[in-house]
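Numbering (the working numbering), first residue to last: 476 to 521. Cβ atoms here follow ideal geometry from the backbone N, Cα and C, with glycine treated the same way. Presented below is the structure to which this report refers.
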């Protein structure tokens, strides 16, 4: 996932993309948030 996001960012950074800066930031943020499955509930099996 991070490789794909890095590729997207690199493509945007070189000026080869018509996507706005704010849209790139929003997309990257949402993609990372979607993958972050944080659960602080103790696992009773451990």
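Taking DSSP as the reference, what is the three-state secondary structure of residue 496? helix
List the endpoints of the continuous alpha helix (DSSP H) containing residue 479. 477-488
Cα separation between residue 505 and residue 491? 22 Å
Going by alpha carbons, who is nearest to residue 500 out of 510, 511, 512 and 487? 487
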